[in-house]
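Participant: Pasting in a structure now, in structure tokens, and then I'll have a few things to ask.
In this note's numbering, the protein residues as written are 19 to 202.
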């Protein structure tokens, strides 16, 4: 299932990837910008796996980071030099809209402390009405906030596994808060 998630979200991750700037901000969750897949593999992260991308880069995943255990992470490595330039963390998967919004608000509060007010807000649905089914049937990015610094961009959004893989039975649909850091 993870391979399908990797393939499904790869385009969304790669669309924001670029080279590293001169004032590189600190990477989250114990990662270091510019690390290589080999360096991360040497850390023995739980279930670490990599796939080559069409442009010659690599897309890797693990069930831990250097600082966080039992979370799903995806890392994008540039074609030039195989250097880490995008990191995503998936929160807890749930069908409880209130729990997801609590996590979403908590992550966004943390981002505002670091980056200030969001550079962009796209929350297409009313929080007071059930909207998760719309997220599953829509496209990625219908409920998100974007933060920016001089050299990095952070997107926090609610996504569904139905946005990432084909789901044949609605009872299998679930949701999470995705936090994605990308170097500009």
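Think of the CB as a built atom: it goes at the ideal place given N, C-alpha and C, for glycine as much as any other residue. If you're wondering where the values come from, they're calculated on a predicted model, not measured in any experiment.
Note down the Cα distance separating residue 146 from residue 97, rounded to an integer number of angstroms.
Facilitator: 43 Å
Participant: Buried or exposed for residue 170, please, with buried defined as at least 16 other CB atoms from any protein chain shown within 10 angstroms of its CB.
Facilitator: buried
Participant: With residue 188 and residue 160 assumed to form a contact (beta carbons below 8 Å), what rounded beta-carbon distance in angstroms separates them?
Facilitator: About 18 Å; that fails the 8 Å criterion.
Participant: State the DSSP-derived secondary structure class of residue 38, mapped to helix, strand or coil.
Facilitator: Legend: pLDDT at residue 38 = 40, less than 50; position of this residue unreliable, value from coordinates given subsequently. Coil, per DSSP.
Participant: For residue 47, which residues from the same chain have a beta carbon less than 6 Å from its beta carbon, with the 5 sequence-adjacent residues on both sides left out?
Facilitator: A distance below 6 Å between beta-carbons, with the five flanking residues on each side excluded, links residue 47 to the following residues of its chain, in chain order: 83, 85, 86.
Participant: Going by the beta-carbon positions, is the gap between residue 199 and residue 137 smaller than 8 Å?
Facilitator: no
Participant: Enumerated in chain order, which unbroken segments of the beta strand (DSSP E) with a length of 3 residues or greater are wholly contained in the stretch 61-104?
Facilitator: 67-70, 76-82, 87-95
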